[in-house]
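**Q**
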Amino acid sequence: MEKRELTCIVCPMGCRVTVELDGEEIRLSGNQCKRGEAYCRQEVACPMRTVTSLVAIDGAEHPLCPAKTAAAVPREKIPEVLAALRRARVHAPVAIGDVLVSDIAGTGVNLVATDARPLRPALQGKA
Numbered sequence: 034m035e036k037r038e039l040t041c042i043v044c045p046m047g048c049r050v051t052v053e054l055d056g057e058e059i060r061l062s063g064n065q066c067k068r069g070e071a072y073c074r075q076e077v078a079c080p081m082r083t084v085t086s087l088v089a090i091d092g093a094e095h096p097l098c099p100a101k102t103a104a105a106v107p108r109e110k111i112p113e114v115l116a117a118l119r120r121a122r123v124h125a126p127v128a129i130g131d132v133l134v135s136d137i138a139g140t141g142v143n144l145v146a147t148d149a150r151p152l153r154p155a156l157q158g159k160a
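When we follow the working numbering, the leftmost residue of the sequence shown carries the number 34, and every step to the right adds one.
1) Hey, would you say Val84 sits closer than 9 Å to Arg37, going by beta carbons?
2) Is the Cβ-Cβ distance between Leu39 and Cys73 less than 9 Å?
3) What's the C-alpha gap between Arg108 and Asp55?
4) Under a three-way DSSP split, which group does Glu35 fall into?
5) Report the rounded CA-to-CA distance for Ala146 versus Leu87, giving the unit in angstroms.
6) Where does Ile111 fall in DSSP's three states?
7) Can you say whether Cys66 is buried or exposed, counting buried as having 16 or more other CB atoms within 10 angstroms of its CB?
8) Across which residues does DSSP place His95 in a beta bridge pair?
9) How would you call Ile90, buried or exposed, if buried means at least 16 neighbouring beta carbons within 10 angstroms?
This is the structure in C-alpha cells:
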C-alpha cells in the first residue's frame, strides 16, 4: 500500500489530505469537502495543470503576448506544450480570449490570450 500526503489547493482551507493507494482502490482522509476529494483523486490518477506563458507576437507594441491554456492539461504534456509555445507566433491585433494556438500539443486544449492592452498594432512612423 502506497501512502501520499497532499495539500488541497481547491479552496483557501488548504487541507492536508492523506491518500492511500491499494491497487486500484483510493482512500482519502483529512479533506473537508467533496471538491477536495475530487482534486486529490485527480492528482493521484492524472495530475493536471493550467500553463501560463508568453507567445511571440508580430506587429504589436510589445514583442510578447501573455497567454494560458483554456483548461488544464496533463502534467506530463507540459514540456510539449512549452515547446509548441516557443514555436508559436501570432499577429496583432489580439483580444483577450482569442485562440492563439488550437489543440496545443495535441491536448485538445486551446491556448488563449489573457491580456490585450499592450497588443494593439504598433503605430507606424512613431517618433
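No residue lacks a Cβ here, since even glycine has one placed at the ideal position from N, Cα and C. Remember, predicted model here, so these are calculated numbers, not experimental data.
**A** In brief:
1) One-based indexing of the sequence shown puts residue 84 at position 51. One-based indexing of the sequence shown puts residue 37 at position 4. No, they are not a contact pair.
2) For the purposes of this step, residue 39 is taken as the residue at position 6 of the sequence shown. For the purposes of this step, residue 73 is taken as the residue at position 40 of the sequence shown. Yes, Cβ-Cβ distance for Leu39 and Cys73 is below 9 Å.
3) The sequence position of residue 108 within the sequence shown is 75, counting from 1. The sequence position of residue 55 within the sequence shown is 22, counting from 1. Rounded to whole angstroms, Arg108 to Asp55 spans 23 Å at the Cα level.
4) Translated into positions along the sequence shown, residue 35 becomes position 2. Strand, per DSSP.
5) The residue labelled residue 146 in the question sits at position 113 within the sequence shown. The residue labelled residue 87 in the question sits at position 54 within the sequence shown. Going from the Cα of Ala146 to the Cα of Leu87 covers about 9 Å.
6) Start at 1 with the first residue of the sequence shown, and residue 111 comes out as number 78. Reduced to three states, the DSSP call for Ile111 is helix.
7) Sequence index remark: in the sequence shown, residue 66 carries index 33 (1-based). With fewer than 16 Cβ atoms within 10 Å of its Cβ, Cys66 is classed as exposed.
8) The count along the sequence shown starts at 1 and reaches residue 95 at position 62. Beta-bridge annotation (DSSP): His95 is not paired with any residue.
9) Position 57 of the sequence shown, counting from 1, holds the residue named residue 90. With 16 or more Cβ atoms within 10 Å of its Cβ, Ile90 is classed as buried.
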